[in-house]
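In what follows, a structure is listed as structure tokens, so that the remarks can point back to it.
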């Protein structure tokens, strides 16, 4: 397979990933995790949902926690540049035979609900309620000091197909792994906003959400979170890390929320705004692509993910990669 | 004056600031400063010039040091999205009555030389020689571990005029200060690439270069540079900091190179990709806009800057702001 | 004057500095500062006093805040090795003609009240109520994350006399500054516990308390405190820093409490347990001894200090050092 | 078994651990590791040995690398308070029936060679050649910026016996683990210099050296070392971490030198100078005692260690603890 090629003149302009809806089974437990432990800020709280933002965000929400019977990922939210982009997006998705629907979402202007080529539920909007800046109210900084939502990561049963779809709508691959034998993509990281990714895909039964990530200021904030979680009853929720990814070069930590949704805490990746930035190819057999320092990820990290609400996952095209043993 | 309004559909697409040319009087001294002390990487070295890049950059250069008789700032370099943008830029600058010229620059494709409304020399190009990634060659990390060029800051004799010009070509103001009496802009920070600024302007005799800034990973890298400079003969080159700016929220340090050119070391500002990001207005009388922690800047920081080669500065429209006393 | 020589076989064994009593005029304001802002832990709270400890301490208190009409330093507390040391101390101070008295102090075993050669009130004890460890209850870490009391610093009108006295009781000088002309000590740092100092002395009208210092884990904690104080109404309480001292090599910050008592936040000095550790001599004309990075201290830092309760300060033997201008 | 009780009035005064002799099989490879990678400073270099010191040390050496045919730990070095302590030590060890010998060691005054109750070779001295301070020559700081040697850790076949011996000569236990069934000590940390340990013992075939540790300024230095080792051919030498120990509360990393000797990089433990400091007891079944954050250590970490030159290890009294599975 050739190097993935982005469409530098996409049919509509997605600015960045914006937010995620997570279905959770106990709002109080989720609040204790996301607010009291991670340090996200409540911007609206109802009986059945909580809206949260991170500390440098001025949009109303980057996570919507919705009460439900079963843990699920809801939709992935993206912000477009102007209202015309929404209409162009509707036309694009419709022409692909993908479902489109205009939905009402609190705190957002008109919102287009659709899905990607693998069925991942997507919601696109142009304007969200803007809130006053709080990034210099340092008394609010707690937990891991989350600054902004950074990216989504999904299992895809056909990464080539996923990447081709997102390339077409302007996402640019920054790093990727290829299966040596089949020459198919094993995993790829694609962005719009100028970091290593807004959304990444890994081969696996899917579509499923692997994780959503938050940007923090520096590794010390991640060490602080580890100390806090380890001594407040969350030691079992620490899944992997801290470490540095080979891919993306980010310093990372993976934790699980009370429903098992996986959250990455992330810092230190690099700027990717150049349209001619060359994607970095990694060898699937190189364990340093996952952890530069060599420590393997646990089995759960490779296998577990959140189902998308109403979406049945399919078996992946490529067989599961053997997990590198410790 | 109303809040500065960016042109969301500019006549051509500047991706980001790219590089600066600095005229220096002793290449060996400059090399000792930029390479051995700050930690920039040499990508080309001739008898009369040195090209440097920072550690996560793949373009050939972010600084060109040119030997000359008198310390001067040469031109400010910007990267455009595609070749058509260069032609559209030529037409735009020409229509403004500003000089345009196609120049040859080593390691760059065709380059448009022009200037802004105050006479600041600008050079625009689309493609620069790309180099292999070195951001994971950690043995190269020295000094302050500079990751990328971040922004330019210039004295302008008429900040309103400068900002209106850059607004027209798509730069968006993120933060600004207004003179209470005249309602004229005192200073403004404008960006293209999604950070707080690619270029900022402060009222003062100009145009002159106030500083060029480099992005580093975290405040500890800045503390390391202070320790290094303080004990290797550069203590007199430390001008201001470390501190946190109110404006931009960045953790900063200002140092002077052997010719007096001012370099900012910078980290921790915030993402600004939303086209509807509201500019933050600061009160000119609020000393925390300069240093959130209250410490005043020294007089030199307010008064000194590098002349642009061949450009005669003019007196500013607004009288000099009284320096806040310690 | 020769290099100060410690008595390696002192008449009694002081283990370390232990605590300070500060007279404050508004307990609520002091609590907001020491507990809510700095992050010290309340261990006892009465109508007229609050006892505090830092996060790794198991002794009951490192600060006792006492309500009073006028801000004053009370006494400096030291812990001795065993009960016999208290009796030997009583004999020693008595033989010097210094007042001694056995006093009752809550949470302490029998306590010897006396004073040093300049009249600084001292209290020595052997056993203090021990509390359970909290250093791994990371949910308690707030503010600057103070780990332990580190040292006292006092103005002395005769530093030679002060140092000779503390040398005699086993304090060892680690660094010092001498006046070139008179060959008298300008300032000296002396320790018992194996860091750069338990108590230091600077020439000046005295005795007065210059500051009491707390040890924190790393410079990031100090940056966090600056951000917090700057945005919660305490920007005027930030006096000096952050910076690195030449003397002691510590990364420091000086803040003032609501009554003007000076608190140093301190990390990164070095181990001094070797009995043959050579004191480091600094030139009084070297501004880097104060701030390695060159920034001068403000005038208040040189001139202001807390009076000791009931002690009238005397003029210093050496004339005031000219303050190094910015 | 009761809580281990130190002898507060030991027969002679050991100030601190001082240095270690390591037999290595390739001096060039060892130099590349200890000097170019870890950042230790060469103080003497011969054909068959290299002496190293860390950055804040003024004694001549903390490691002596000696060329030999087989990787071995040589002796553990300790510094005593005065020359009389050496004579008192000779009498003490002799009375125990342990071998004593006066040996000549370069850069040290007369040196007493002996061994502990398990046969660990020990060398005690009072004075070592003192070198000028380099802790403020920041251009020398490389690698992990090692500041000082911190502690030794040994496998002991009978931890109760080892601890009783070191208690008798004044080492105080700070933390320990007990086997629930036999009530024997599983592991214990003992100190002289006021940190969590100068030497620790873990149940296992022994005596063998588990590791020697170096103190670094903050966790960022450890992250820097990981990045450096991972990209300069040493990824296979990273054994465990980074993480926080429950016991000692230290932030740690374990790496292996080219001969397999284990080196710990260590920061953030706490001050222990109080003679009445209560030892902390940990449950052998609590995995957080090893890693507060829950990640298990690899099998090699539990099983492998360096033999002491000329000492045959014995089987441990307690059976091997089941390794906690990932």
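Residue numbers (the numbering used here), protein chains in the order written: chain H, 1 to 326; chain L, 1001 to 1326; chain V, 2001 to 2326; chain P, 3001 to 3326. We treat Cβ as the ideally placed atom computed from N, Cα and C, and that holds for glycine. In this text the structure is predicted, and so the values were computed from the model without any measurement.
Hey, quick one: how far does the beta strand (DSSP E) through residue i stretch, first residue to last?
| i | result |
| --- | --- |
| residue 2072/V | 2072 to 2080 |
| residue 29/H | Segment 27 to 31 is the alpha helix (DSSP H) holding residue 29/H; no beta strand (DSSP E) there. |
| residue 1281/L | 1280 to 1283 |
| residue 2317/V | No beta strand (DSSP E) holds residue 2317/V; DSSP gives it neither H nor E. |
| residue 211/H | 208 to 215 |
| residue 1238/L | 1238 to 1244 |
| residue 247/H | Residue 247/H -> no beta strand (DSSP E), and no H or E assigned at all. |
| residue 2017/V | 2014 to 2024 |
| residue 266/H | 262 to 267 |
Look at residue i and residue j and say whether their C-beta atoms are less than 8 Å apart.
| i | j | result |
| --- | --- | --- |
| residue 265/H | residue 216/H | yes |
| residue 268/H | residue 206/H | no |
| residue 1004/L | residue 1173/L | yes |
| residue 1294/L | residue 2144/V | no |
| residue 1219/L | residue 2220/V | yes |
| residue 2055/V | residue 2027/V | no |
| residue 77/H | residue 18/H | yes |
| residue 1043/L | residue 1140/L | no |
| residue 1165/L | residue 1212/L | no |
| residue 2115/V | residue 2099/V | yes |
| residue 23/H | residue 68/H | yes |
| residue 308/H | residue 208/H | yes |
| residue 2311/V | residue 2192/V | no |
| residue 2203/V | residue 2186/V | yes |
| residue 38/H | residue 89/H | no |
| residue 3075/P | residue 3128/P | no |
On the DSSP letters alone, give me the boundaries of the alpha helix (DSSP H) that residue i sits inside.
| i | result |
| --- | --- |
| residue 3219/P | 3219 to 3230 |
| residue 3301/P | 3299 to 3303 |
Which residues does DSSP list as the beta-bridge partners of residue i?
| i | result |
| --- | --- |
| residue 2156/V | 2203/V |
| residue 2943/P | Only positions 3001 to 3326 of chain P appear in this structure, which leaves residue 2943/P out of reach. |
| residue 151/H | 213/H |
| residue 3307/P | 3208/P |
| residue 1957/V | This structure leaves residue 1957/V out entirely; chain V is present only between 2001 and 2326. |
Residue i touches chain A at which residues, Cβ-Cβ below 8 Å?
| i | result |
| --- | --- |
| residue 1109/L | Protein chains in the displayed structure are H, L, V and P, and chain A is not among them. |
> Taking any Cβ of chain V, which residues in the stretch 1289 to 1303 of chain L have a Cβ under 7 Å from it, in chain order?
Replying inline: 1292, 1293, 1294 and 1298
>> So if I threshold CB-CB distances at 8 Å, which residues from the stretch 1213 to 1231 of chain L count as touching chain P?
In response: 1218, 1220, 1224, 1227, 1228, 1230 and 1231
>> Going residue by residue through the stretch 56 to 133 of chain H, where are the continuous alpha helix (DSSP H) segments of at least 4 residues, counting only ones entirely within it?
In response: 83 to 95
>> Residues of the stretch 270 to 285 of chain H in Cβ contact with chain L at a cutoff of 9 Å, in chain order, please.
In response: 270, 271, 273, 274, 275, 276, 277, 278 and 280
> At what residue ranges does the stretch 1154 to 1193 of chain L contain a whole run of the beta strand (DSSP E), taking only runs of 3 or more?
Replying inline: 1172 to 1178 and 1185 to 1191
> Got a sec: which bits of the stretch 3113 to 3142 of chain P sit with their beta carbon under 7 Å from any beta carbon on chain L, in order along the chain?
Replying inline: 3136, 3137, 3138 and 3139
> Given a limit of 7 Å on CB to CB distance, which residues of the stretch 2237 to 2250 of chain V reach chain L?
Replying inline: 2238, 2242 and 2244
>> Residues of the stretch 3057 to 3088 of chain P in Cβ contact with chain V at a cutoff of 8 Å, in chain order, please.
In response: 3058, 3059, 3079, 3081 and 3082
> Can you list, in chain order, the residues of the stretch 2142 to 2162 of chain V whose Cβ is nearer than 9 Å to any Cβ on chain P?
Replying inline: 2147 and 2148
>> Closer than 7 Å between beta carbons: that is the criterion. Which residues of the stretch 3004 to 3031 of chain P meet it against chain H?
In response: none
> Closer than 8 Å, Cβ to any Cβ of chain V: which residues of the stretch 3182 to 3207 of chain P, in chain order?
Replying inline: 3193 and 3194
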